[in-house]
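Asks:
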Amino acid sequence: MSKTTSAFIALVGRPNVGKSSLMNTLVGKKVAIVSDKPQTTRNRIMGVLTRDTVQLVFLDTPGTHRPRTRLGDFMVKSISEAMSGVDVGVLVVEPTKTVRDSERDLLKKFRAQKLPVILVINKIDTVADKAELLTCMAAWQSEGEFEAILPVSALTGDGVNELLAELSKHAFESPHFFPADMVSDQPEKVLAAELLREQMLRSLREEIPHGIAVVIERLEERETERGSILDIDAEIFCERDTHKGMVIGKRGAMLKQISTAARMEMEKVLGAHVNLQCWVKVKEDWRNRQGLLNGFGYRL
Ligand code: GDP
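Right, here's the structure in full:
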């Protein structure tokens, strides 16, 4: 039998560059939520891809930013954790010609650990003029050595096989740490909560979703005559009464829209019929209250 290899890979980059989308495309399944609003990934999420003898383990991280709340502290801390103890770093950037200081900082952190770094220029589907892409690559080449600079599109899948081939070169001989059919370390409850939060990010005004936490109180499988059903009870916590009103909407219309869309996503991702019940509650200023944060699963 041929020897097995594995690599732990940190995906880092500024918010909104497409780290979560890339992780989903790499592992071939939705394991991280995607949104056009920055800072949507709160926890470190792991995605696993096993192809024959190679196992690649991806750690997706919240985008870098200065912490303003305790939740922010947690997010920044989990980036540092994800960046240490990996075998290779992937810095994801957008196809622009400006290199940001925050990106240089991430690069410095990888280099301080003497980690090989692959630069991924994502969203190349948005670049019509290939000369622009070359300017972007040239700008990055002057930032020092990379194992590779790879243009990709998480959306279309362009360049993703080349990225996987490059990553496989950094896999060490080792047993596989996870079963071949496992794609994420997220328990179903966490995934269900994230899918509900994703729909809120999509449907609500900018400032409300960041003040929202979702807790899945119950997730149970029930056998019926028409097959099995997952009963999922979710609690949605808002920071203010006014936010609660907006989440529920006129005669419950907004909550209905959100929960229907979330249920459909849950059915797709969890592969079962779902009966989703949502309750909206207010817990003032939860982002700064450590006890509550722990209860919501954001542990420091
Ligand atoms: P993250 O904050 O870095 O994890 O970024 P997300 O994966 O949440 O993506 C941020 C936004 O960019 C979302 O609206 C995605 O749909 C979009 N996006 C991600 N990758 C691509 C891509 O390759 N092409 C295009 N056109 N959009 C992308």
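Residue numbers (my numbering): 4 to 303. Glycine residues also receive a C-beta, built at the ideal position from the N, C-alpha and C atoms.
#1: In its own chain, which residues sit with a C-beta less than 7 Å from the C-beta of valine 330, not counting the 5 before and 5 after it?
#2: Considering only DSSP beta bridges, list what glutamate 226 is partnered with.
#3: Pop quiz: valine 20 and valine 95 are said to be a contact at Cβ under 8 Å. What is the actual Cβ separation, rounded to whole angstroms?
#4: Cβ of asparagine 164 within 7 Å of any heavy atom in the ligand GDP?
#5: Please report the residue range of the alpha helix (DSSP H) in which phenylalanine 113 lies.
#6: For arginine 71, which residues of its own chain have a beta-carbon under 8 Å away from its beta-carbon, when the five flanking residues on both sides are left out?
#7: By the DSSP assignment, the alpha helix (DSSP H) with alanine 134 in it spans what residues?
#8: Reducing DSSP to helix, strand and coil, say where arginine 71 ends up.
#9: Would you report the Cα separation of methionine 78 and phenylalanine 11, rounded to the nearest angstrom?
#10: Let's test the definition: count the other Cβ atoms within 10 Å of the Cβ of tryptophan 143 and tell me whether it reaches 16, buried, or not, exposed.
#11: Mind checking whether the beta-carbon of glycine 21 lies closer than 7 Å to any heavy atom of the ligand GDP?
#12: So glutamate 270 and histidine 276 are in contact, right, with Cβ under 8 Å, and what is the actual spacing, rounded?
#13: Just the C-alpha distance for alanine 174 and glycine 160, rounded to the nearest angstrom, thanks.
#14: Compare the beta carbon distance of isoleucine 235 and leucine 279 with 8 Å and say whether it is the shorter of the two.
#15: Less than 7 Å separating the Cβ of lysine 133 from some heavy atom of the ligand GDP?
#16: Give the DSSP-derived three-state secondary structure of glycine 66 in the structure shown.
#17: Buried or exposed: where does leucine 137 fall if 16 or more other Cβ atoms within 10 Å of its Cβ makes it buried?
#18: Between threonine 7 and the rest of its own chain, which residues show a CB-CB distance below 8 Å, the 5 nearest in sequence each way excluded?
#19: Is it right to say glutamine 202 is buried, meaning 16 or more other beta carbons lie within 10 angstroms of its own, or is it exposed?
#20: Once you ignore the five residues that flank tryptophan 282 on each side, which residues in its own chain have a CB closer than 6 Å to its CB?
#21: State buried or exposed for arginine 290, treating a residue as buried only when at least 16 other CB atoms are found within 10 Å of its CB.
#22: Find out if the Cβ-Cβ distance for the pair isoleucine 121, glutamate 150 is shorter than 8 Å.
#23: Buried or exposed for threonine 53, please, with buried defined as at least 16 other CB atoms from any protein chain shown within 10 angstroms of its CB.
#24: Using the Cβ count rule (16 or more neighbours within 10 Å means buried), how would you classify lysine 284?
#25: Round the Cβ separation of leucine 118 and valine 163 to the nearest angstrom and send it over; I've been treating them as touching at under 8 Å.
#26: By DSSP, does arginine 221 sit in helix, in strand, or in coil?
Replies: This is what the structure holds:
#1: Here the chain comprises residues numbered 4 to 303, so residue 330 is not present and cannot be evaluated.
#2: As a working note, residue 226 is residue 223 in the sequence shown. Partner(s): Ser231.
#3: For the purposes of this step, residue 20 is identified with residue 17 of the sequence shown, where counting begins at 1. For the purposes of this step, residue 95 is identified with residue 92 of the sequence shown, where counting begins at 1. Right, their Cβ atoms sit about 5 Å apart.
#4: Here residue 164 refers to the residue found at position 161 when the sequence shown is read from its first residue. The beta carbon of asparagine 164 sits no closer than 7 Å to any heavy atom of the ligand GDP.
#5: Along the sequence shown, one-based indexing puts residue 113 at 110. DSSP places phenylalanine 113 in the uninterrupted alpha helix (DSSP H) bounded by 104–115.
#6: Within the sequence shown, the letter at position 68 stands for residue 71. The predicted model places arginine 71 with a pLDDT of 48, which falls under 50 and marks its position as unreliable; any figure quoted below should be read in that light. In the same chain as arginine 71, and ignoring 5 residues on each side of it, no C-beta atom comes closer than 8 Å to its own.
#7: Numbered from 1 along the sequence shown, position 131 holds the residue referred to as residue 134. Boundaries of the alpha helix (DSSP H) around alanine 134: 133–144.
#8: The count along the sequence shown starts at 1 and reaches residue 71 at position 68. Reliability fails at arginine 71, whose pLDDT of 48 lies under 50, so the model's placement of it is uncertain and no value is given.
#9: Taking the first residue of the sequence shown as position 1, residue 78 is located at position 75. Taking the first residue of the sequence shown as position 1, residue 11 is located at position 8. Caution is warranted here: a pLDDT of 49 is assigned to methionine 78, below 50, making its placement in the model unreliable, and no coordinate value can be reported.
#10: Taking the first residue of the sequence shown as position 1, residue 143 is located at position 140. With at least 16 other beta carbons inside 10 angstroms of its own, tryptophan 143 counts as buried.
#11: For this step, residue 21 is matched to residue 18 along the sequence shown. Within the cutoff, so yes.
#12: Position 267 of the sequence shown, counting from 1, holds the residue named residue 270. Position 273 of the sequence shown, counting from 1, holds the residue named residue 276. Confirmed, Cβ separation roughly 6 Å.
#13: Sequence index remark: in the sequence shown, residue 174 carries index 171 (1-based). Sequence index remark: in the sequence shown, residue 160 carries index 157 (1-based). Looking at the two C-alpha atoms, the distance is approximately 22 Å.
#14: For the purposes of this step, residue 235 is taken as the residue at position 232 of the sequence shown. For the purposes of this step, residue 279 is taken as the residue at position 276 of the sequence shown. Yes.
#15: Taking the sequence shown and counting its residues from 1, one reaches residue 133 at position 130. Lysine 133: no, Cβ never under 7 Å from the ligand GDP.
#16: Locating residue 66 in the sequence shown gives position 63, where the first residue counts as 1. Because the pLDDT at glycine 66 is just 47, under 50, the model does not fix this residue reliably, and the value given afterwards should be weighed accordingly. Coil at glycine 66, not helix or strand.
#17: Position 134 of the sequence shown, counting from 1, holds the residue named residue 137. Exposed is the call here.
#18: Position 4 of the sequence shown, counted from the first residue, corresponds to residue 7. Excluding positions up to five away in sequence, the list reads Thr56, Val57, Gln58, Glu176, Ser177, Pro178 and His179.
#19: Residue 202 sits at position 199 when you count from the first residue of the sequence shown. Answer is buried; the Cβ neighbour count reaches 16.
#20: Translated into positions along the sequence shown, residue 282 becomes position 279. So the list reads Glu238, once near-sequence residues are dropped.
#21: As a working note, residue 290 is residue 287 in the sequence shown. Under the 10 Å beta carbon count, arginine 290 is surrounded by 16 or more other beta carbons and is classified as buried.
#22: Mapped onto the sequence shown, residue 121 falls at position 118. Mapped onto the sequence shown, residue 150 falls at position 147. Going by C-beta atoms, isoleucine 121 is nearer than 8 Å to glutamate 150.
#23: The residue you call residue 53 lines up with position 50 of the sequence shown. Here threonine 53 is buried: its Cβ has 16 or more other Cβ atoms, across all protein chains shown, within 10 Å.
#24: Indexing the sequence shown from 1 puts residue 284 at position 281. By the 10 Å Cβ count, lysine 284 comes out exposed.
#25: In the sequence shown, counting from the first residue as 1, residue 118 sits at position 115. In the sequence shown, counting from the first residue as 1, residue 163 sits at position 160. Taking the Cβ atoms as the reference, leucine 118 lies roughly 21 Å from valine 163, outside the contact range of under 8 Å.
#26: Here the question's residue 221 lines up with position 218 in the sequence shown. Strand at arginine 221.
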